[in-house]
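Following my numbering, the numbering of the sequence shown begins with 669 at its first residue and continues without gaps. Beta carbons are placed, not taken as given, at the ideal position from N, Cα and C, and that holds for glycine. Remember, it's a predicted structure, so these values are computed and weren't measured experimentally. Everything below concerns the one structure shown next.
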Amino acid sequence: PAPRPDRAHPRVIAFANQKGGVGKTTTAINLATVLAAQHKVLLLDLDPQGNASTGLGIERADRGAGTYALLVDGRPLAELLRPTPVPTLQLVPADADLAGAEVELVAMEDRERRLTQALAADPALRDSFDYILLDCPPSLGLLTLNALVAAHSVLVPLQTEFFALEGVSQITQTIERVKRALNPGLALEGILLTMYDRRNNLSELVAQDVRGFFKDKVFETVIPRNIRISEAPSHGLPVSLYDARSPGAQAYAALGAEMLRREKRA
Ligand code: ADP
Ligand code: MG
Numbered sequence: 669p670a671p672r673p674d675r676a677h678p679r680v681i682a683f684a685n686q687k688g689g690v691g692k693t694t695t696a697i698n699l700a701t702v703l704a705a706q707h708k709v710l711l712l713d714l715d716p717q718g719n720a721s722t723g724l725g726i727e728r729a730d731r732g733a734g735t736y737a738l739l740v741d742g743r744p745l746a747e748l749l750r751p752t753p754v755p756t757l758q759l760v761p762a763d764a765d766l767a768g769a770e771v772e773l774v775a776m777e778d779r780e781r782r783l784t785q786a787l788a789a790d791p792a793l794r795d796s797f798d799y800i801l802l803d804c805p806p807s808l809g810l811l812t813l814n815a816l817v818a819a820h821s822v823l824v825p826l827q828t829e830f831f832a833l834e835g836v837s838q839i840t841q842t843i844e845r846v847k848r849a850l851n852p853g854l855a856l857e858g859i860l861l862t863m864y865d866r867r868n869n870l871s872e873l874v875a876q877d878v879r880g881f882f883k884d885k886v887f888e889t890v891i892p893r894n895i896r897i898s899e900a901p902s903h904g905l906p907v908s909l910y911d912a913r914s915p916g917a918q919a920y921a922a923l924g925a926e927m928l929r930r931e932k933r934a
């Protein structure tokens, strides 16, 4: 039987969508921070651009060894953990070599399972976390595939814009293919509408469209377009530490609460 994803500990969640700029990294950082209020959380930056690393205050120049070392060199997870501004949130940054990983992984044995194996290599450390969040690059290559194979569920952010549903079949078909071939327990954690603009009627129409298509898979919480959300990463902070009262911080708090409610129900 497929593993019960709702009972998994730690719960491993991938943030994926082959489109760039839809809010994967923003959601990974800010949901990680919300969950870290009650849980021990690990965030892995799997995007060579390293926005999750920068957004948590680790500059490009001092990233050191990170997810490339973990996946390709087989360096132990314990050596790669870095602190963040949030005490109960640790990060494995994107190292400078990560851009080469897609190419190098192709030739490796178990190329889709490198991340799963890396986490399994130190079960005590892995299981000391309550959540492991995986921030994927904007492609469906081997880095994202490694995340989908290691994950219990996928959260797919969609930008609330006219073409929101365009291209969404690429990620949903990839999820189905991974379920069939590599990770039968993989679940859709949910679809998240991001950059919602309340002053624009189009946002509401797009939201209705997406809910019509994905039904209750869409989170009730929508993330508004909010300047504080986009400013926070340049200060190396999650939005709740940058401006806790901003609509953006409140929306991510609501998303975290909704996710925990859903988990309890499951
Ligand atoms: P992805 O990881 O999918 O490429 P990001 O999370 O990096 O997308 O977001 C793309 C850009 O949009 C970033 O500059 C980010 O700061 C900004 N952004 C994301 N979500 C919001 C939001 N809700 N309001 C305003 N800006 C946002
Ligand atoms: Mg990103």
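- Between the C-alpha atoms of Asn698 and Val771 there is a straight-line separation of about 30 Å.
- Rounded to the nearest whole angstrom, the CA to CA distance from His903 to Val846 is 37 Å.
- The closest heavy atom of the ligand MG lies less than 6 Å from the beta carbon of Lys692.
- Distances between the C-beta of Gly689 and the heavy atoms of the ligand ADP include at least one below 6 Å.
- DSSP, read as helix, strand or coil, puts Glu727 in coil.
- For Gly691, no beta strand (DSSP E) segment is defined, and its DSSP state is neither H nor E.
- Not one heavy atom of the ligand MG is found less than 6 Å from the C-beta of Asp713.
- Scanning its chain for C-beta atoms nearer than 7 Å, with the 5 sequence neighbours on each side dropped, one finds around Val907 the residues Asn698, Arg896, Ile897, Ala900, Ser914, Gly916, Ala917 and Tyr920, in chain order.
- C-alpha of His707 to C-alpha of Thr756: approximately 7 Å in a straight line.
- Not one heavy atom of the ligand ADP lies closer than 6 Å to the C-beta of Ser908.
- With 16 or more other Cβ atoms from the protein chains shown falling within 10 Å of its own Cβ, Ala786 counts as buried.
- Residue Glu857 holds the alpha-carbon nearest to the alpha-carbon of Glu888 among Leu909, Ala912 and Glu857.
- Leu759 and Leu909 have their C-alpha atoms spaced approximately 17 Å apart.
- Assignment of beta-bridge partners to Phe683 by DSSP yields Asp803 and Leu823.
- Under the criterion of beta carbons closer than 8 Å, Ile859 and Val874 do not qualify as touching, at roughly 12 Å.
- The DSSP assignment places complete beta strand (DSSP E) segments of no fewer than 3 residues inside the stretch 834-905 at 855-862, in order along the chain.
- Here Pro761 carries a coil assignment [DSSP, helix/strand/coil].
- Annotated three-state conformation of Pro751 is strand, per DSSP.
- Secondary structure of Asp713 (DSSP, three-state): strand.
- Under the DSSP assignment, Thr812 falls in the alpha helix (DSSP H) whose first and last residues are Leu810 to Ala818.
- Annotated as distal: Gly732 and Ala762, with beta-carbon spacing of 7 Å or more.
- Here Leu739 is buried: its Cβ has 16 or more other Cβ atoms, across all protein chains shown, within 10 Å.
- Between Leu811 and Leu748, the CB-CB gap reaches or exceeds 7 Å.
- In the DSSP annotation of this structure, the continuous segment of the alpha helix (DSSP H) that includes Arg933 starts and ends at Pro915 to Arg933.
- Three or more beta-carbon pairs separated by less than 8 Å are not found between the stretch 833-853 and the stretch 862-873, which leaves the two stretches without contact.
- Ranked by how close their Cα comes to the Cα of Asp865, the residues Leu745, Ala684, Arg893 and Ile843 have Arg893 in first place.
- Annotated three-state conformation of Pro791 is helix, per DSSP.
- If you check the CB distance, Ile839 and Asn685 come in under 7 Å.
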